[in-house]
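Have a look at the structure below, then the notes.
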Amino acid sequence: MKDRFFLLLKTYLFFILFFVVQKPVFMLYYHDLYHDCSLLDYLGVIWHGLPLDASIAGYFTILPGLFLIASLWLNSTVTNMVFKIYYGIVAFVIGCVFISDIVLYKYWGFRLDSSPLFYLKTPKDAFASADLITIILALFFIIAIISALIYLFNLILIKPEVKIKKPYYRRKTAIVLLLVTGFLFIPIRGGFSVSTMNTGWAYYSDKIELNHAAINPCFSLMESLSREQAFDKQYRFLKDDEAVKEFDKLKDVTVTDSIPTLLTTKRPNVIIIVLESFTSKIVQPLGGLPDVASNMNAFCKEGILFTNFYANSFRTDRGLVSILSGYPAQPTTSIMKYPQRSQSLPSISKSLKKAGYSTEYYYGGDANFTNMRSYLLSQGYDRIVCDKDFPLKERLSKWGAPDQYLFNRALSDFLGAQKEPFFKTIQTSSSHEPFDVPSHKFKDPFLNSAFYTDSCLGKFIDRYKQTKYWKNTVFVLVPDHAMRYPASITNHEIERFQIPLILIGGAIKKPVKIDTYASQIDIAATILYQLGLPHKDFTFSKNILNSKSPHFGYFSFPNGFGMTTSQNQLIFDCEANKVVLDRGKKKNLNQKPAKAYMQKLYDDLAKR
């Protein structure tokens, strides 16, 4: 009995020890983020991360506990083989999770969740962000960790079985082991209180990087997977009637006053250009760097500039839905994952197609990535041009055709006979990691890639101005999301999500600056109203120019969200279960509306 009991205890403690060691390794890898941390900070991370480590170690120890019980009756050769297979699987999972988490953190700024599993449906694009050296090193360390764990499992946790011959002692040992295994429920759940174990248990510091370091990536992934369904059970901040009352205050209202007309015609051609990762930090009129995006800087003066505009999310799949369907991004999932849900969304393309517009989508990459093709087709796009439509010699980057070829292809098609009015969307990709572009203007790879995309955009617009379509066209220039630039910026900063929105074209009446607070979801209602088309199906979208409507910027990040207005800028972290940023003339003004907004978003998601 003792041998089996201590082997079970040893198994549980081994997992905890491994997860404890992960934390200083993570911090040392990201030494630039933790360079000013003391020994006490390292110990604090380990200590506050222990509950999650103990919980996930409990999950991994349940099956060995049951195997030990079975070993009382089974042949030792069989049970040892079962142990080896199980520990091999566990080693593979831990190795992949640990290294994937380390590699992805610098891109996303949060610990591992279920998002990579969604992107792995198209492996080529899933790994396009990383350079070849990073991928090779990651694979090397995954194999190294798996090999080391299998060796240690065999050395420490798999022992020759000692048979208990007397049936009485077998039953007694089985009962004891079953009880001990059952006690794993305590650390797994986090005790007997109403609150069950969640990643928020690891949050203890005002410095978000320390909280992130304390999170167990295996637990973070498992928790994220558990939130994939039952959307109407998530984010229950308010009573239902109270949430409805608050949400109604945030909706677009019926137009009663005259609204400024931005366009010279009711039926212009509309071209939305989705600029990969562009942020206000590189647009000078919005307080950004002066020499990175010179064409965008010029467009700010030439067209209509929205100065308080925000991305709804941090990923392209969420950003596209926000732009085209006026649907808010979700912090724990992406509606694009679920074609049966996303097809029920309204969209600018659906509305314009119904009004007689021809519709096309241009993208240099793989349109199957993140279920994009199913979403675009369900939203009424007549034609999708993607990587396979470019000659092989032009597919020079990991994402497919670089932006210069993308714009050249679009312009070439535009110069042909076009049925007007038309609606086209062009999605760039070159300013995405790994920033592999034929430009060497800046040492910083992101700035260099943004400079390249901006130059391609400028040439495209200059050439389009020479066409007969320019006079009757409005361009909507908007990023899919903002880049984490500088790298030190976190999801707990409003500036992380600020992006440019610029309208240019021959159909624009005159240049103007609009300071109203808004976000990507408001593009649909604003544009459709200017075209004299209804937008009542866009529940979350608001007409930015309607002075009677509530105006705010909304955004989300992994298990958190924010709302910003002229009076209050607020960010709520659901893992920490607290407000992490609250500033402005009327502090805390946005907390209740933001919570109601999130709650009703998930109610809507559940119904689709």
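Throughout, the working numbering is defined as the position within the sequence shown, counted from one, plus 17.
Glycine residues also receive a C-beta, built at the ideal position from the N, C-alpha and C atoms.
- The alpha-carbon of L409 is positioned some 15 Å away from that of Q421.
- Bounds of any beta strand (DSSP E) do not take in I86; it lies within the alpha helix (DSSP H) bounded by L56 to A87.
- Along the segment 372–421, the alpha helix (DSSP H) occurs as fully enclosed runs of 4 or more residues at 389–395, listed in sequence order.
- Secondary structure remark: continuous beta strand (DSSP E) runs of at least 3 residues inside the segment 429–497, in chain order: 439–444 and 490–496.
- Judged by DSSP secondary structure, R600 falls within the beta strand (DSSP E) whose first and last residues are K595 to R600.
- Note that the segment 557–569 touches the segment 273–293; at least 3 beta-carbon pairs, one per stretch, sit closer than 8 Å.
- Sorting V300, F440 and I516 by C-alpha distance to the C-alpha of S536 places I516 at the top.
- Take the alpha-carbon of F574 and the one of F35: they are about 29 Å apart.
- Excluding residues up to 5 positions away in sequence, G336, S339, A346, H498, F572 and S573 lie with their Cβ nearer than 7 Å to the Cβ of S330 in the same chain.
- In this structure, the beta-carbon distance from P285 to P68 does not fall below 9 Å.
- For M500, the three-state secondary structure derived from DSSP is coil.
- The bridge partners DSSP lists for Y571 are M580.
- Residue pairing from DSSP leaves F35 without any beta-bridge partner.
- Taking each of S446, R426, S447 and K460 in turn and checking the Cα distance to D406, the smallest one comes out for R426.
- Around D621, the same chain offers no residue with a beta carbon nearer than 6 Å, after the five sequence neighbours per side are excluded.
- Taken atom to atom, the span from the alpha-carbon of K458 to that of K298 is near 17 Å.
- The beta carbon of L174 lies closer than 8 Å to those of L24, K27, T28, F31, P81, F100 and Y104 in the same chain, with the five residues before and after it left out.
- Three or more pairs of CB atoms, one per stretch, sit closer than 8 Å, so the segment 321–330 contacts the segment 521–541.
- Scanning its chain for C-beta atoms nearer than 8 Å, with the 5 sequence neighbours on each side dropped, one finds around F84 the residues T96, V99, F100 and Y103, in chain order.
- According to the DSSP assignment, L518 belongs to the beta strand (DSSP E) that extends over L518 to I521.
- The beta carbon of Y344 sits closer than 7 Å to those of V338, I352, L362, I538 and F557, all from its chain and outside the five residues before and after it, given in chain order.
- Between I79 and T198 the beta-carbon gap is near 6 Å, inside 8 Å, which marks them as a contact.
- Beta-bridge partners of F589 (DSSP): F578 and V596.
- With a cut-off of 8 Å on Cβ pairs, the segment 255–274 is not in contact with the segment 427–439, counting fewer than three such pairs.
- The beta-carbon separation of S448 and E293, rounded to 5 Å, stays under the 8 Å limit for a contact.
- Taking 9 Å as the cut-off, the beta carbon of T376 is found closer than this to the beta carbon of R400.
- Contact between the segment 500–512 and the segment 537–554 is absent: fewer than three C-beta pairs spanning the two stretches fall below 8 Å.
- Under the three-pair Cβ rule at 8 Å, the segment 189–197 does not count as touching the segment 111–130.
- Judged by their CB atoms, L166 and G112 are nearer to each other than the 9 Å cut-off.
- Residue range T333 to S342 is occupied by the alpha helix (DSSP H) that includes S342.
- A346 carries a coil assignment under DSSP once its states are collapsed to helix, strand and coil.
- In the DSSP assignment, F158 falls within the alpha helix (DSSP H) that extends over L149 to L169.
- Less than 9 Å divides the Cβ of K268 from the Cβ of P567.
- About 7 Å separates the CB atoms of I232 and G66; that is less than 8 Å, so the two are in contact.
- When only Cα atoms are considered, Y398 and S391 end up about 10 Å apart.
- A straight line joining the alpha-carbon of T582 with that of L149 spans about 43 Å.
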